[in-house]
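In this note's numbering, the protein residues as written are 37 to 413.
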Ligand SMILES: Cc1ncc(COP(=O)(O)O)c(C=O)c1O
């Protein structure tokens, strides 16, 4: 048996919708399928505006542009995240102020944010790790107190909730990723969620190469031109058609992922009880979206040995993220190893198990059997 780490789901209508795009001879962005994707997410997630983008990374870049960040501005961000979360505002000259993560959820520790705020702080970028929400009530309260913007990196958090609000719709701006490793995917893709109305008009312009073309298409102006900064952040209709086929089956995909998560959990619980490893922890305030299943081993060596053992048995388990603060770029901002204890410790001990829509019980049993063989030997 060979078990890959990820295989993107095929929801059923992808090829039919792509062929419709070709039949309609409208391949560039912002056609019918883009509109359908945006509307579906706006209605389901109760979001003011959702703009499809070419990636989660580009949605983050748009968020940083919208906040008008200037060189020297400070942005609070976890170090335990993908490079794109920080690159977005570092590209604008802003400085990352890295905050450690919570032991239980691996999300930014909300109790460590306030002490990092200075008169240069402009925003807090939070990351909902594994589709499990950050403690948003506390974070929003801090942001209101110091008049800071909140951007939610919900790249992994599509269709997950915090206290009945969908992730991505709580801060001023949110972003989603539809990369092939995510629950709903179109290969490469993303979305910007705009919750603070003042950003809507400018977001459309930034996304359309700095022009007011969106207004022109709606018939609101009779010519469009260069009005602001911008780039090309809109995906083609072929991508949007693929994504729509997945979004329309969002709940079915999530239900299947839930059953995979729960099966892993049930089968590995005895190892957690013996304190041989730790399983994901989901606070009561969160309805997660079952984005991943990870385990945390007692030491880095144990994690690496298990990963190697699984690989020799044809099971691909992986880890991420290398902490940003102690990376080559992070060190340029004055950070060093040992600055953020939980980030470093958890990043060195986490292991993500194979997790995808078509993963069968048989395959999960094989993964579990191998984990148990390694751990109990
Ligand atoms: C937390 C986080 N933010 C941003 C991204 C970037 O998303 P994309 O690959 O769609 O650019 C990822 C991608 O894996 C991610 O995990």
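Ideal Cβ placement from N, Cα and C applies to all residues, glycine included.
Item                                                                                                                         : Value
Segment contact, 8 Å Cβ cut-off, at least three pairs: the stretch 121 to 141 with the stretch 372 to 379                    : yes
Near ligand 1: residue 226 beta-carbon under 7 Å from a heavy atom                                                           : yes
Neighbourhood of residue 108 by C-beta distance below 8 Å, restricted to the same chain and skipping five residues each side : 129, 130, 131, 156
Proximity winner among 295, 98, 274, 86, relative to residue 327 (alpha-carbon distances)                                    : 295
Cβ neighbours of residue 312 in the same chain (closer than 7 Å, five flanking residues each side left out)                  : 411
Residue 17 CB to nearest heavy atom of ligand 1 below 7 Å                                                                    : The structure shown does not extend to residue 17, since the chain is modelled only from 37 to 413, so the question has no answer here.
Outcome for residue 114 when other beta-carbon atoms lying within 10 angstroms are tallied against a minimum of 16           : buried
Cβ-based burial, residue 344 [other Cβ within 10 Å; buried from 16]                                                          : exposed
Buried/exposed call for residue 151, threshold 16 Cβ in 10 Å                                                                 : exposed
Spatial neighbours of residue 333 in its chain, beta-carbon cut-off 6 Å, leaving aside the 5 residues before and after       : 313, 339, 385
Beta-carbon separation (whole angstroms), residue 352 vs residue 39, contact threshold 8 Å                                   : 7 Å
Range of the contiguous beta strand (DSSP E) that encloses residue 306                                                       : Run containing residue 306: none in the beta strand (DSSP E); it sits in the alpha helix (DSSP H), 286 to 309.
For residue 261, the nearest candidate out of 205, 186, 250, 158 (CA to CA)                                                  : 250
Residue 282 beta carbon near ligand 1 (any heavy atom closer than 7 Å)                                                       : no
In DSSP terms, what residue 110 is bridged to                                                                                : 131, 157
Reference residue 359; option with closest CA among 349, 346, 398, 374                                                       : 374
Contacting residues, own chain, Cβ-Cβ under 6 Å from residue 402 (five flanking each side not counted)                       : 37
Check whether residue 164 and residue 180 have beta carbons under 8 Å apart                                                  : no
Which listed residue (310, 217, 286) has its alpha carbon closest to that of residue 81                                      : 286
beta-carbon residue 120 near ligand 1 non-hydrogen atom, thresh 7 Å                                                          : yes
Close-in-space but distant-in-sequence residues of the same chain around residue 120 (CB under 7 Å, 5 per side omitted)      : 92, 93, 96
Selection from 238, 283, 278, 200 that minimises the alpha carbon distance to residue 265                                    : 238
Straight-line gap, residue 372 to residue 355 (C-alpha atoms, nearest Å)                                                     : 21 Å
Beta-bridge pairing of residue 226 - partner residues as DSSP gives them                                                     : 89, 213
Same chain only: Cβ atoms within 7 Å of residue 174, ignoring 5 sequence neighbours per side                                 : 146
Length of the line joining the Cα atoms of residue 192 and residue 169                                                       : 10 Å
Length of the line joining the Cα atoms of residue 368 and residue 361                                                       : 9 Å
Collapsed DSSP secondary structure at residue 189 in the structure displayed                                                 : strand
Per-residue burial, residue 309 [other beta carbons within 10 Å of its own, 16 or more giving buried]                        : exposed
Beta carbon of residue 149 nearer than 8 Å to that of residue 206                                                            : no
When 183, 172, 171, 143 are compared against residue 159, the one with the closest alpha-carbon                              : 183
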